[in-house]
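Enquirer: Below you'll find the structure I mean.
Chains as they are written, first to last, in the numbering used here: chain C, 51 to 282; chain S, 200 to 769.
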């Protein structure tokens with residue numbers, strides 16, 4: 051894969067992305083659409099987790115990041131919606147809600163009890179809950195429509211089909227204490243992912259490209275301090 | 200690592216004596232970090248000990264070079280459980296295209312480390328991609344991608360001399376010290392390579408940068424094989440190979456610029472472990488009693504002094520530092536020769552003497568040598584390098600704001616030493632260049648782009664966090680604070696991480712006009728095991744790795760004292 055000087059990604063078919071490439075590219079993309087560095091780190095880390103578990107859809111990421119791009123106050127709106135009890139009508143960023151979830155630690159259930167949230171792309175909440183359940187050895191269930199994801203300590207299992215799991219539309223979710231009934235999944239962690247839709251990845255690259263600083267006569271003047279001739 | 204473990208590590212006890220680890224605010228300054236030297240727990244030293252301990256076997260199953268030395272070579276390193284192969288591609292390069300900078304698109308040689316023994320199909324696939332470096336793709340069968348340029352003057356000189364049956368000029372060899380100079384050694388998932396998360400489970404590669412260190416070691420073998428081959432092809436009847444002593448003097452050069460600097464700030468847990476290992480080693484050594492003259496230490500002081508006196512650089516400041524270091528090592532030698540050894544004293548007293556009488560470079564060189572002579576006491580610390588960064592990723596949002604403020608004021612007191620209202624303290628900003636796709640340093644008051652600044656100015660962002668926390672209710676939770684202040688999420692993560700990782704922050708202002716990026720680079724390179732620091736500006740430098748190290752065929756009979764060789768070793 052090349053990145054040309056105008057930022058266009060030239061992609062070969064069957065490109066495999068490493069977990070580090072996914073993490074760092076998504077982090078940059080999140081920053082590129084205006085998220086803070088701390089939230090961007092959460093986005094990158096979540097994308098890595100999803101890729102490792104074989105359920106990363108780049109198109110879902112693009113939908114959420116595009117929403118952040120088009121609605122620059124979405125982080126603030128989502129934050130308020132996390133705290134108010136009338137959040138059902140307000141669409142929440144999964145990265146803001148997910149970060150809040152892990153920040154709450156063991157208090158999650160006490161704070162979230164009897165509450166529902168309207169979230170874009172609920173699959174993006176899964177890595178946060180997984181991390182939380184593993185750290186605090188909690189048993190949790192994340193529900194939406196026809197799908198239920200169980201978290202038992204470090205293991206995750208799903209009751210529902212993949213189409214429902216990967217839905218990237220606004221959807222109402224709830225989090226409860228529940229025991230798993232479905233089988234554990236996935237059995238083997240992946241070490242990267244094969245890129246199936248180059249356009250989505252190009253979009254991630256374009257978002258990330260906005261974090262770069264164009265060259266100027268001043269930057270060339272100060273430069274990297276390198277010599278002009280490396281023949282020695 | 201738990202907080203209890205961290206606290207236990209703050210003091211080291213051996214033989215009934217206890218020595219404290221040096222405090223972070225003392226050693227984590229740019230000035231101190233930029234004065235550190237390699238030591239026996241540097242990464243390439245770990246690799247060398249493992250290769251010897253496990254009796255790794257090396258071979259060169261492929262050597263398809265033309266008479267000019269252009270073609271393909273494969274070197275295999277066979278460990279007890281796993282085999283890795285360096286695949287080298289050597290090609291002609293127009294001098295106009297020879298640049299060490301990241302904008303380069305062609306190099307004298309390019310390399311990859313393959314997991315296993317490559318098939319012809321693998322070599323064909325890699326021949327298309329590896330010479331293109333960033334413009335190509337490799338697979339998770341590959342662990343490292345690297346490239347190197349020749350020191351043409353050195354390479355041509357050695358070929359000229361060997362081909363007519365002569366050894367190269369010793370002075371020139373001493374001055375340059377290498378035939379090839381790497382300009383990047385990429386691992387950890389770059390360009391599609393296997394992630395470290397995976398390679399750390401491979402035999403022999405668990406420690407820090409071990410795959411990269413193996414690549415550089417094998418590049419050294421390749422560079423010497425290549426120069427001898429080209430000489431032999433030129434005049435088969437007259438050519439000779441390098442003498443053993445001469446061969447040992449060649450290391451691998453490395454050209455390092457700003458791209459490497461942000462790593463130390465972006466990976467606080469890793470930085471903490473590196474420093475913790477070295478400081479724990481030092482504390483262990485300082486608590487040891489000394490009741491007799493240590494002749495090995497004296498020999499190392501002498502050989503190190505000789506090495507430093509031979510280092511050449513055009514950099515005025517480095518030249519001066521080298522001179523002061525030579526004087527320091529002389530002073531140290533006199534001190535050790537005249538010191539009265541009794542059963543009552545510890546190395547700690549000698550170290551305290553060094554703090555009063557030697558420069559920072561001199562003190563840090565003494566530390567490297569003290570660690571060097573105490574292998575059995577410190578070598579098992581290499582297991583402490585292991586760190587999982589994800590362990591410190593999660594924020595505990597249940598902390599009260601009052602506790603956050605207290606932790607910040609206690610652990611980041613150094614950040615209050617800078618007046619950020621002064622233009623000089625905010626003079627720089629770090630960014631990724633659109634043109635180079637690499638981290639660069641900008642002048643904030645003269646260049647555009649600071650709104651795209653990388654989050655590396657920790658002292659400044661911590662101060663901003665302090666202001667924001669002070670405006671919040673002290674009984675409120677951090678989780679609630681972060682909902683309203685997501686801009687501080689990055690700093691809060693660092694602050695909590697720092698609670699149990701005291702060496703995770705560089706206690707200095709990275710944005711200051713007086714900051715010298717090469718201090719960061721030198722620190723990192725010293726941990727790799729690099730020597731011969733040759734700054735080319737305040738933003739990049741050249742170094743040498745593996746100089747004097749035993750070659751693969753010598754490993755079995757070698758000892759572990761090659762880094763500071765006495766005359767017996769060269």
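For each residue, glycine too, the CB sits at the ideal point set by N, CA and C. Small disclaimer: the values here were computed from a predicted structure and weren't measured.
1) Could you give the DSSP three-state label for residue 731 of chain S: helix, strand or coil?
2) Residue 225 of chain S to residue 456 of chain S, Cα distance in whole Å?
3) Is DSSP giving residue 296 of chain S helix, strand or coil here?
4) Evaluate the contact criterion for the region 95-110 of chain C versus the region 119-126 of chain C: three or more CB pairs, one atom per stretch, below 8 Å.
5) Once the 5 residues before and after residue 563 of chain S are set aside, which same chain residues still bring their CB inside 8 Å of it?
6) Going straight from the alpha carbon of residue 559 of chain S to that of residue 738 of chain S, what length do you get?
7) If you run the structure through DSSP and keep just helix, strand and coil, what is residue 525 of chain S?
8) Going by the CB atoms, is the gap between residue 681 of chain S and residue 73 of chain C shorter than 8 Å?
9) CA-CA distance, residue 762 of chain S and residue 375 of chain S?
10) Which first and last residues belong to the beta strand (DSSP E) in which residue 260 of chain S is found?
11) Quick one: what's residue 545 of chain S bridged to in DSSP?
12) Helix, strand or coil for residue 750 of chain S? Go by DSSP, reduced to three states.
13) Just by C-beta distance, which residues in the region 254-273 of chain C are closer than 7 Å to chain S?
14) Taking DSSP's pairing of strands, which residues face residue 198 of chain C in a bridge?
15) I need the boundaries of the beta strand (DSSP E) containing residue 289 of chain S, first residue and last residue.
16) From this set, C:117, C:144, C:208, which residue's C-alpha is nearest residue 97 of chain C's C-alpha?
17) Measure the alpha-carbon distance for residue 405 of chain S versus residue 388 of chain S and round it to whole angstroms.
18) Could you pull out every unbroken beta strand (DSSP E) segment of at least 3 residues lying fully inside the region 603-638 of chain S, listed in chain order?
19) Identify, in the order they occur along the chain, each residue of the same chain with its Cβ nearer than 7 Å to the Cβ of residue 150 of chain C, setting aside the five sequence neighbours on each side.
20) When DSSP builds the beta bridges, which residues end up paired with residue 348 of chain S?
21) My output table needs one value for residue 579 of chain S: the three-state DSSP class, helix, strand or coil.
22) Is there a Cβ from chain C that is less than 8 Å from the Cβ of residue 396 of chain S?
23) Between residue 175 of chain C and residue 192 of chain C, is the Cβ-Cβ spacing less than 8 Å?
24) Anyone know if the C-beta pair for residue 257 of chain C and residue 93 of chain C falls short of 8 Å?
25) Using the three-state DSSP reduction, which class does residue 223 of chain S fall into: helix, strand or coil?
26) Relative to the alpha-carbon of residue 531 of chain S, which residue among S:740, S:516, S:510, S:550 has its alpha-carbon at the smallest distance?
27) From residue 402 of chain S to residue 541 of chain S, what distance separates their C-alpha atoms?
28) Compare the C-alpha of residue 291 of chain S against each of S:307, S:284, S:279, S:298 and name the closest.
29) With residue 167 of chain C as the anchor, note down where its alpha helix (DSSP H) starts and where it stops.
30) Within this structure, are the beta carbons of residue 467 of chain S and residue 693 of chain S separated by less than 8 Å?
31) So, is residue 644 of chain S buried or exposed, given that buried needs 16 or more other C-beta atoms within 10 angstroms?
32) Have a look at residue 750 of chain S and residue 705 of chain S and give me their C-alpha separation to the nearest angstrom.
33) Got a sec, what are the start and stop residues for the beta strand (DSSP E) residue 270 of chain S sits in?
34) Give the secondary structure of residue 313 of chain S by DSSP, where H, G and I count as helix, E and B as strand, and everything else as coil.
35) Which value, in whole angstroms, describes the spacing of the CA atoms of residue 817 of chain S and residue 286 of chain S?
36) Helix, strand or coil for residue 259 of chain C? Go by DSSP, reduced to three states.
Expert: Taking the definition as stated:
1) Taking the first residue of the second chain as position 1, residue 731 of chain S is located at position 532. Strand, per DSSP.
2) By one-based count along the second chain, residue 225 of chain S stands at place 26. By one-based count along the second chain, residue 456 of chain S stands at place 257. Whole-angstrom Cα-Cα distance: 26 Å.
3) Reading the second chain from its first residue, position 97 is the one you call residue 296 of chain S. Correct three-state label for residue 296 of chain S: helix.
4) no
5) As a working mapping, residue 563 of chain S is identified with position 364 in the second chain. 231, 234, 235, 236, listed in sequence order.
6) Locating residue 559 of chain S in the second chain gives position 360, counting from the first residue. Locating residue 738 of chain S in the second chain gives position 539, counting from the first residue. Each residue's alpha carbon lies about 21 Å from the other.
7) Position 326 of the second chain, counting from 1, holds the residue named residue 525 of chain S. Three-state DSSP puts residue 525 of chain S in a helix.
8) Numbered from 1 along the first chain, position 23 holds the residue referred to as residue 73 of chain C. Numbered from 1 along the second chain, position 482 holds the residue referred to as residue 681 of chain S. No; because the gap between Cβ atoms is not below 8 Å, this pair is not in contact.
9) Taking the second chain and counting its residues from 1, the one referred to as residue 762 of chain S is at position 563. Taking the second chain and counting its residues from 1, the one referred to as residue 375 of chain S is at position 176. Looking at the two C-alpha atoms, the distance is approximately 17 Å.
10) Reading the second chain from its first residue, position 61 is the one you call residue 260 of chain S. Segment 256-264, the beta strand (DSSP E) holding residue 260 of chain S.
11) By 1-based counting over the second chain, the position of residue 545 of chain S is 346. Note: residue 545 of chain S sits in a beta bridge opposite S:488.
12) Reading the second chain from its first residue, position 551 is the one you call residue 750 of chain S. Correct three-state label for residue 750 of chain S: coil.
13) 261, 262, 263, 264, 265, 266, 268, 269, 272
14) Counted from its first residue, the first chain places residue 198 of chain C at position 148. Beta-bridge pairing links residue 198 of chain C to C:193, C:209.
15) Here residue 289 of chain S corresponds to residue number 90 of the second chain, with the count starting at 1. That run of the beta strand (DSSP E) goes 282-289.
16) As a working note, residue 97 of chain C is residue 47 in the first chain. The shortest C-alpha separation from residue 97 of chain C is found at C:144.
17) Translated into the one-based positions of the second chain, residue 405 of chain S becomes position 206. Translated into the one-based positions of the second chain, residue 388 of chain S becomes position 189. Roughly 15 Å separates the two Cα atoms.
18) 627-632
19) Here residue 150 of chain C refers to the residue found at position 100 when the first chain is read from its first residue. Closer than 7 Å at the Cβ level, and outside the excluded window around residue 150 of chain C, lie 132.
20) In the second chain, the residue the question calls residue 348 of chain S occupies position 149. Note: residue 348 of chain S sits in a beta bridge opposite S:380.
21) Here residue 579 of chain S refers to the residue found at position 380 when the second chain is read from its first residue. In this structure, residue 579 of chain S counts as helix in the three-state DSSP scheme.
22) The residue given as residue 396 of chain S occupies position 197 in the second chain. For residue 396 of chain S, the answer is yes, since a Cβ of chain C falls inside 8 Å of its Cβ.
23) Reading the first chain from its first residue, position 125 is the one you call residue 175 of chain C. Reading the first chain from its first residue, position 142 is the one you call residue 192 of chain C. The answer is yes: Cβ separation under 8 Å.
24) The sequence position of residue 257 of chain C within the first chain is 207, counting from 1. The sequence position of residue 93 of chain C within the first chain is 43, counting from 1. For residue 257 of chain C and residue 93 of chain C, no; Cβs fall outside 8 Å.
25) Here residue 223 of chain S corresponds to residue number 24 of the second chain, with the count starting at 1. If DSSP states are grouped into helix, strand and coil, residue 223 of chain S belongs with the helices.
26) Here residue 531 of chain S corresponds to residue number 332 of the second chain, with the count starting at 1. Here the closest residue by C-alpha is S:550.
27) The sequence position of residue 402 of chain S within the second chain is 203, counting from 1. The sequence position of residue 541 of chain S within the second chain is 342, counting from 1. Those two C-alpha atoms are separated by around 45 Å.
28) The residue you call residue 291 of chain S lines up with position 92 of the second chain. Of the candidates S:307, S:284, S:279, S:298, the one whose C-alpha sits nearest the C-alpha of residue 291 of chain S is S:307.
29) By 1-based counting over the first chain, the position of residue 167 of chain C is 117. Segment 166-170 is the beta strand (DSSP E) holding residue 167 of chain C; no alpha helix (DSSP H) there.
30) Your numbering for residue 467 of chain S matches position 268 in the second chain. Your numbering for residue 693 of chain S matches position 494 in the second chain. Result yes, Cβ atoms of residue 467 of chain S and residue 693 of chain S sit closer than 8 Å.
31) Taking the first residue of the second chain as 1, we reach residue 644 of chain S at position 445. The residue is exposed, with fewer than 16 neighbouring Cβ atoms inside 10 Å.
32) Locating residue 750 of chain S in the second chain gives position 551, counting from the first residue. Locating residue 705 of chain S in the second chain gives position 506, counting from the first residue. Each residue's alpha carbon lies about 36 Å from the other.
33) Translated into positions along the second chain, residue 270 of chain S becomes position 71. Taken as a continuous stretch (DSSP letters only), the beta strand (DSSP E) holding residue 270 of chain S covers 270-277.
34) For the purposes of this step, residue 313 of chain S is taken as the residue at position 114 of the second chain. Correct three-state label for residue 313 of chain S: strand.
35) Residue 817 of chain S cannot be examined here, being either before or after the span of chain S that is shown, 200 to 769.
36) Indexing the first chain from 1 puts residue 259 of chain C at position 209. DSSP places residue 259 of chain C in helix when its eight states are reduced to three.
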